[in-house]
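Worksheet: one structure, shown below.
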Amino acid sequence: MAGLSKSRILLNLQCPRRLWLKLHRPELEHVDKGMDTRFAVGDQVGDIARRLHPGGVLMDDDLRTALEQTRAAMGQTPRPLFEATFQHEGTLVRADLMLPDENGWRMVEVKSSTSVKDYHLNDAAVQTWVLRQQGVPLTRIELAHINNQFVYPGEGHYQGLLTHADISESVQNMQADVRTWIANARATAGLDAEPDIPPGKQCTDPFECSFRRHCDPAAFEPIPPHSVRILPYGGNLVKGLLAEGKEDLRELDEGIFANPRHQRIWRVIKQGQAELSPEAGEAIRGLGWPRYYIDFETINPAIPIWTGTRPYQQVPFQWSCHIETADGLKHAAFLADGKGDPRRPFIESLLETIGDEGPVIVYNAPFERSRLIESAEAFPDLAVRIQSVIDRIFDLLPLSRDHYYHPDMLGSWSIKAVLPTIAPELSYEGMTVAHGGAAQEAFAEIMAPETSEARREALRRGLLEYCERDTLAMVRIANFFDVRF
DNA sequence: AATAAATGCCGCATTAACCG
DNA sequence: CGGTTAATGCGGCATTTATT
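Here the first sequence is numbered in my numbering, starting from 2 and rising by one per residue.
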């Protein structure tokens with residue numbers, strides 16, 4: 002029984018090739034930076050789940066010790082068990098929560114998602130199987146997930162954060178298959194050579210596989226600007242074309258495209274140069290003055306931090322605003338200090354700066370608009386003023402989509418795709434904060450009490466530089482569109 | 001005129017794109 | 001991970017067109 006390992010590894014059976022690689026070629030695994038934070042979220046939620054069941058006992062990280070501790074705890078007066086560890090015929094599992102019931106135990110698997118997903122059930126099914134085989138009386142199997150309607154009342158009270166869904170029946174229906182899964186996993190593990198499974202949907206759905214770089218290096222090759230694969234909302238059109246071996250846009254007839262955006266892409270690729278329609282400039286010239294270009298940064302913790310917020314709520318902590326008038330450009334900004342709820346100072350300072358006249362220019366309006374609506378809901382005394390800001394919103398994204406395309410955009414009109422084609426000198430490369438995700442991480446680090454003042458100041462500078470860059474980018478894009486033909 | 005096949009359309013579900 | 005929006009996909013039904 003050398004090398005205890007969790008059943009989770011067996012469960013990578015959705016793809017035998019992945020399981021084999023995990024066991025035999027772990028060095029090929031490619032863990033991207035984003036995964037760290039994702040696992041951290043899971044840990045935090047697990048932590049809360051335990052705090053909600055006081056008097057529980059946490060089993061050791063070491064699996065042998067945990068098995069022994071679990072065995073001992075099961076024989077004593079029932080109390081909540083965390084990470085209780087069991088094995089049967091070499092299959093080892095850990096249960097996030099074991100809660101004593103009148104007639105046995107409720108087993109609870111804790112997830113940071115907001116609903117029960119099919120792919121959650123397999124884990125629970127194997128755990129259930131092992132526990133049943135070991136004679137543990139299970140009364141109910143539950144999946145605890147985040148209730149995103151929960152409003153944090155403050156003071157560390159998280160009762161209600163987790164919804165316990167009864168998955169006993171689904172799990173019961175899978176019991177008959179568990180032996181087969183385990184046998185298949187064993188067979189796969191024992192193979193001498195890597196299973197020859199071609200890349201498919203399992204590589205990205207529901208999550209990207211960490212071995213994708215190994216199995217499907219072609220997926221990481223840059224897509225050439227003339228490939229039909231760049232067509233947005235390509236769907237069956239692209240599938241069909243590829244099936245016919247027609248990958249090059251330049252060899253196709255315009256007539257096959259019903260979508261005007263596809264037609265524009267086709268034209269641009271065919272003629273080999275960017276296209277800008279006069280309507281873009283007309284729309285820009287139709288805007289009044291002064292022009293306020295704004296961008297928000299937000300943080301959306303799974304576990305609410307501030308009283309009155311919900312799980313995963315986007316809490317705004319920073320804005321940047323470029324103010325363009327007939328005779329120049331000015332800049333204003335706000336960045337919360339990270340010591341308390343940033344929402345009130347955020348919206349008050351914004352209203353102060355943004356006045357009551359002139360277009361409020363954004364890139365992808367739904368995002369900023371939603372934050373403004375939420376601000377109005379949170380602070381009814383400011384709702385009227387906030388609504389007038391909402392009414393002034395002008396969105397550059399649809400303007401860009403309908404009237405501009407450059408071959409380097411590769412089918413995307415996101416600001417990060419458009420900017421380099423218009424103002425390459427405004428690249429985000431080398432900036433300490435270079436994208437929205439990094440901004441969230443930076444602000445989280447500013448809030449952390451253990452962060453040094455020097456580090457805080459460096460992060461603040463990075464955030465301010467990043468957000469200012471975003472609104473300057475919008476100014477440059479709008480000015481670029483405003484050319485007379 | 002009757003029937004079958006093709007086309008069009010509506011409403012709902014799913015996917016894709018965007019922001020953080 | 002969430003939410004918003006818009007495009008696409010698809011089943012079912014009606015209408016049109018082709019076939020006999």
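No residue lacks a Cβ here, since even glycine has one placed at the ideal position from N, Cα and C. Just so we're clear, the structure is a prediction, and the values are computed from it rather than from any experiment.
Using a Cβ-Cβ cut-off of 8 Å (strictly less than) and excluding sequence neighbours within five positions of residue i, which residues of its own chain qualify?
i    : result
A443 : T433, V434, L460, G463, L464
V117 : L144, H146, A166, I168
D351 : For the record, residue 351 in the displayed sequence is Leu; it is not Asp. Correct list, in chain order: I295, W320, C322, F335, V390.
M475 : Y294, D296, H323, I362, V363, Y364, L397, I416
If you drop the 5 nearest sequence neighbours on each side, which residues of the same chain put their C-beta closer than 7 Å to that of residue i?
i    : result
N487 : Outside the shown range of the chain (2 to 486) lies residue 487, about which nothing can therefore be said.
S171 : L122
W290 : T326, A327, G359
P568 : This structure cannot speak to residue 568, because the chain is shown only from 2 to 486.
G412 : I231, L232, P233, I266
R262 : P233, R402
F258 : Q264, W267
What does the alpha-carbon distance come out to for the pair residue i and residue j?
i    : j    : result
R213 : V32  : 10 Å
W130 : Q176 : 6 Å
I391 : N365 : 13 Å
E209 : P101 : 37 Å
T189 : W21  : 6 Å
E255 : R485 : 28 Å
R457 : E369 : 26 Å
M99  : A74  : 11 Å
L400 : A281 : 6 Å
F252 : A219 : Residue identity check: residue 252 is Glu in the sequence provided, not Phe. The alpha-carbon atoms of E252 and A219 are separated by roughly 23 Å.
E69  : R26  : 31 Å
S371 : A186 : 46 Å
S389 : I355 : 11 Å
H431 : E446 : Checking the sequence, you will find Gly at residue 431 rather than His. C-alpha separation (whole angstroms): 20 Å.
E553 : D193 : This structure cannot settle anything about residue 553, because the visible part of the chain is limited to 2 through 486.
G236 : G273 : 25 Å
V152 : G161 : 9 Å
V363 : D396 : 5 Å
R286 : A275 : 21 Å
W182 : P233 : 38 Å
L238 : K271 : 19 Å
L242 : E248 : 7 Å
N301 : V316 : 6 Å
P223 : D63  : 43 Å
G47  : R393 : 43 Å
T71  : A41  : 25 Å
L132 : E90  : 12 Å
C204 : F482 : 40 Å
Name the one or two DSSP bridge partners that residue i has.
i    : result
H146 : T164
D488 : In the structure as shown, the chain starts at 2 and stops at 486, and residue 488 therefore has no counterpart that could be examined.
H332 : H323
W106 : P101, L139
Q88  : L93
D197 : Paired residue(s): none; D197 is not in a bridge.
D392 : Paired residue(s): none; D392 is not in a bridge.
S228 : D249
V363 : D396
L277 : Y405
L82  : V58, M99
Residues in its own chain within less than 6 Å of residue i by CB, not counting five upstream and five downstream?
i    : result
Q45  : I304
L277 : Y405
I387 : L373, S376, A377
G4   : Annotation note: pLDDT 47 at G4 (below 50); position unreliable, coordinate value reported separately. Same-chain partners within the cutoff: there are none.
K331 : I324
S321 : D296, A334, C468, E469, T472
E110 : D97, A125, L144
Rounded C-beta distance between residue i and residue j? I'm assuming under 8 Å.
i    : j    : result
Q319 : E353 : Not really, about 15 Å apart at Cβ, beyond 8 Å.
S487 : G57  : The question about residue 487 has no answer here: the residues shown for the chain are numbered 2 through 486.
I348 : V419 : At roughly 28 Å, the Cβ-Cβ gap does not stay under 8 Å, so I348 and V419 are not in contact.
G155 : T308 : 4 Å
P138 : G191 : About 34 Å; that fails the 8 Å criterion.
A379 : R344 : 6 Å
A67  : M60  : 4 Å
L53  : Y159 : 6 Å
S211 : E28  : At roughly 12 Å, the Cβ-Cβ gap does not stay under 8 Å, so S211 and E28 are not in contact.
R107 : T140 : 6 Å
Stretch-stretch touch, CB-based, cutoff 8 Å, three pairs: the region 419-438 with the region 459-477: yes
For the pair the region 397-416 and the region 223-236, tell me if three or more CB-CB distances fall below 8 Å. Judged by Cβ distances under 8 Å, the region 397-416 makes contact with the region 223-236, as three or more pairs qualify.
Three or more C-beta pairs under 8 Å: does that hold for the region 334-347 against the region 262-269? no
Between the region 77-89 and the region 138-148, are three or more C-beta pairs nearer than 8 Å? no
With a threshold of 8 Å, are at least 3 pairs of Cβ atoms found where one atom belongs to the region 197-207 and the other to the region 13-26? yes
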